[in-house]
Amino acid sequence: MRPLLLHLDHFGSFREPVTVDFTDTEYFALVGPTGAGKSTIIDAICFALYGTVPRWGREGAVAHALAPSVSAGKVAMVFESNGSRYGVVRAMVRDAKGAVRTKEARLDELDPAAPPAFDAVVKPLAEGENVTIEAQQVTGLEYRFFTQCVVLPQGRFAEFLHAAPRERQDLLVQLLDADVYERIRQRAAREEETAKQAASFARDQLAKLSGASEEAERELAERLAALRRLAETISADLDLLRARESDIRRAEQERAAVAERQSVLSALRMPDAVPTLASARRAAAEAVETLTAEVATLEADDHEAYEALAALGDRGAPRAALAALDARERLHVEARRARGAAASAAAPLEGLAAEAADAERALANVEARRERLRDAHAAAHLVQRLVVGEACPVCRQPIIELPRHEQPTDMRTADRALATARERVQQARAAHAKAETSASMLATQAARLEAELAALPASGDRAELEARLAAIAKADELATEARNAVRAARGRLDRARSAAEQVERQADSAWRTLESARDRLLVSGVQDDPPPPLVREDLHRAWSELLGWRDRAAQVARAALAAHDEELARVGERLAADRRRLGERLAEHGVVAPRDASPDQLGAVVAGTAARAESALDRLKEDRKRAADLENQVAMKEHEAKVAHELALRLRANAFERWLCAEALAVLVASASETLRELSDGQYELALSDKTGDIEVIDYGEAGMRRSARTLSGGETFQAALALALALSGAVARGLDSIFLDEGFGTLDPATLDTVATTLERLAAGQDRMIGVVTHVPALADRVPVRFEVRRDAKGSHVRKAEVQ
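For what it's worth, our numbering labels the leading residue of the sequence shown as 2, then goes sequentially.
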């Protein structure tokens, strides 16, 4: 996997969109102060591919992808792997509860011929949760191997180089994921238990099939053959039963016809009203005739009463005259009363006017006295400011001597007197105005009532008008009584006519009932002795003749019904005997049929028994086959359990883990030795001690002397540890195209740092791998051809690509 473009938008400490271009970059350094965000760039590469970052702790966690103040962000990367180009995008969002989740994830294949860009999509590969799975397929690296090989844990491999054999074995188990063999042992133990359970279950199932023997199959085959022969030979017996049943059905039908005829005869009844219908019809006709004459007489009386009422004329004119007479009397009384009230209201007006004039004269006197008192107060005040010899402000003459004035009365007494006088004037004026208004209104009212009285028409004689109204009321009462009498008589006539119609309907219904009953008797099969013909003259007589015929016909039907019962008994006995013989034959073959089964049902029972026997034979054959399969399964599962037991037993031994780690260590040391020889210009190789199992160094600068790896200098130790790291990464991921070293270079002395820098330069020049170094050591960064300078301010982290001159 080789990154080409990396885009960060509000990811981690990068609060603004930024794109890091790795195109045409083989060896670069991420530089900047501690906390600037250098490792965040490597985190973004890991997050883009796998949706999580190792240093966030729990695998799958995304909470640290966004800063607390950020609501959404995105990481996108264009990369190459195994000759193809891909683009991966992951967008994050913070929900209403503050939790961070992945909103969008997708992985696309890009056009390798186009310049690196996110929109050069050839085809989509995965979305959502499938992006991580597809990224593992594309890169060939699982998440755990990617985090071990892309960001090399150099410190762990320095420990590995100097560790004791027991400690090295533990580290190899961890780094090489050798505990998979323990999981295999546990799986083998589970497989053993599963195989034993399967074998036990198969034996239990086999025990349930103990009856599936060859003898049982032979007995079932013989029974099936006998049933098939029975089915072929009972057709004649079934035909005889069908003939017997046909005779019974025919006899039952004939008996049912006779029983139906007897039922029809028994159901024939004369309606209860038939004997009295003739007299009821006569009484109803007489009642209608009498009431018709009565209605005619009452209608004549009603017409005469209304003519007398009309001759008296309308009662509206005398009522209007009486109303006018009442109104004249009322208005005369009201006008006289209003004129007297107006005169009484006008009487005190002269006295009230005099009182008002007196109050106004008294007010004028009070106002004059107040003005004189005000002048006296003004003069007394002016005297206090006069000076002898100066001009008088009133007469403009020189003042020879100051005048003397007595102290005037208090102005408040004059003001109170003035207020009292004004109040008396207002009260007198108000009383006069009120009395004047009341007198005017009463005079106006009296004039209006007198005018209304004069406008009324001349009145007539009250006694004459009242006598006329009484005569009209009496005539109206007589007319109303006549009208009510006519209505009552018409009601009685309508009810009499309804009663007559009801009697007629009863007679018609009785005739229809008689005709219907005679028709049913004809249909029920009595043509040899038909009922008597109907004579429409006398209903009671017609019903009596038909009922007499019914009694004779019912006696004949009862005799015929007894004869049919005897015939049915004889045919039933013959059918029971034939059915009994057939049942005994079926019982000999083990066929059980229902007691009242029909011939068709008996045939079906025989066929069904044969089919069940055939099905039982087929099931027995299947059971025998299944029993054979179960025997093979028992043997196979027991063999699998034995193999799993042996595998678990072998893997449980401590020697296996030692042997495995020893073989892995030998392969790793051989591969690392080749790399170290290249990094050290052929001076060093690695080898395992035959006695102690420690890793030793072969120093060709000292004639091939073997010595402990602990004697190496810091730079030489870095070379050896790096060689081991590359050997492990090659064992885990053969197609690794990029490596990022996040080592603490700040602790190295200048000579060792120079050795480390030289080693990295040779590694970058000698292999087709992208190498990235995360460091804040200027001496190392200055020797890297490409630098990505990372800085951080109040707005977040920023990155800038710089070429080293």
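Using N, Cα and C, we set each Cβ at its ideal position, and we do this for glycine too. Predicted model only: the values in this text are computed from it and were never measured.
Report buried or exposed for residue i, applying the criterion of at least 16 other Cβ atoms within 10 angstroms of its Cβ.
i       : result
Glu-196 : Here residue 196 turns out to be Ala, not Glu, going by the sequence shown. Label assigned to Ala-196: buried.
Val-775 : buried
Arg-788 : buried
Ser-798 : buried
Lys-124 : exposed
Cys-662 : buried
Arg-386 : exposed
Leu-727 : buried
Val-388 : exposed
Asp-597 : exposed
His-254 : Note that residue 254 is Gln in the sequence shown here, rather than His. Result: exposed.
His-433 : buried
Ser-599 : exposed
Thr-438 : exposed
Arg-331 : exposed
Starting from the C-beta of residue i, find all residues in its chain whose C-beta is less than 7 Å away, skip the five residues before and the five after it, and write them out in chain order.
i       : result
Ala-288 : Ala-497
Ala-614 : Leu-221, Arg-224, Leu-225, Leu-228
Ala-328 : Leu-457
Leu-231 : His-590, Val-607
Glu-335 : Leu-450
How long is the line joining the alpha carbons of residue i and residue j, rounded to whole angstroms?
i       : j       : result
Gly-129 : Asp-109 : 12 Å
His-565 : Ala-577 : 18 Å
Tyr-51  : Leu-650 : 38 Å
Gly-705 : Val-698 : 9 Å
Ala-355 : Arg-320 : 55 Å
Arg-488 : Ala-294 : 14 Å
Pro-18  : Ala-665 : 45 Å
Ala-766 : Gly-702 : 24 Å
Ile-46  : Val-71  : 20 Å
Glu-308 : Thr-291 : 27 Å
His-406 : Ile-400 : 16 Å
Ala-121 : Asp-10  : 20 Å
Leu-5   : Arg-86  : 9 Å
Ala-342 : Glu-351 : 17 Å
Val-259 : Leu-587 : 38 Å
Arg-707 : Glu-27  : 36 Å
Val-668 : Asp-743 : 26 Å
Ala-605 : Glu-233 : 12 Å
Ala-311 : Glu-478 : 13 Å
Arg-620 : Ala-213 : 9 Å
Arg-362 : Ala-444 : 32 Å
Ala-594 : Gln-602 : 8 Å
Ser-672 : Thr-148 : 21 Å
Glu-391 : Pro-409 : 25 Å
Thr-693 : Asp-682 : 28 Å
Val-800 : Gln-720 : 30 Å
Using C-beta distances below 6 Å, list every residue in its chain close to residue i, excluding the 5 sequence neighbours before and after it, in chain order.
i       : result
Gly-773 : Phe-29, Phe-741
Val-94  : Ala-73, Lys-104
Lys-784 : According to the sequence provided, residue 784 is Arg. The question's Lys does not apply to it. Excluding positions up to five away in sequence, the list reads Ala-758.
Thr-676 : Ala-724, Leu-727
Ala-274 : Gln-507
Asp-755 : none
Asp-205 : none
Since residue i and residue j are thought to touch, with beta carbons under 8 Å apart, how far apart are those beta carbons, to the nearest angstrom?
i       : j       : result
Leu-515 : Trp-550 : Leu-515 to Trp-550, Cβ: 12 Å. No contact.
Leu-364 : Arg-413 : That pair is no contact at about 18 Å.
Glu-427 : Ala-339 : Note on residue identity: the sequence assigns Gln, not Glu, to residue 427. Incorrect: roughly 31 Å between the Cβ atoms, too far for contact.
Ala-511 : Leu-278 : 7 Å
Val-572 : Ile-249 : 5 Å
Glu-193 : His-646 : 5 Å
Asp-303 : Ala-483 : 4 Å
Ala-66  : Val-101 : 6 Å
Does residue i have its Cβ less than 7 Å from a Cβ in chain D?
i       : result
Glu-568 : In the structure shown, chain D cannot be found, because there is only a single protein chain.
With a CB to CB cut of under 8 Å and the five nearest residues on each side skipped, what residues in its chain are close to residue i?
i       : result
Arg-491 : Val-296
Can you determine whether any heavy atom of the ligand GTP sits closer than 6 Å to the C-beta of residue i, and answer yes or no?
i       : result
Ser-280 : Annotation note on the ligand GTP: not contained in the displayed structure, which lists no ligands.
At what residue ranges does the stretch 283-364 contain a whole run of the alpha helix (DSSP H), taking only runs of 4 or more? 317-347
Could you name each continuous alpha helix (DSSP H) segment of 4 residues or more that falls completely within the stretch 161-228, going from the start of the chain to the end? 166-176, 181-209
Please go through the stretch 20-81 and give each complete alpha helix (DSSP H) segment of 4 or more residues, from N-terminal end onward. 39-51
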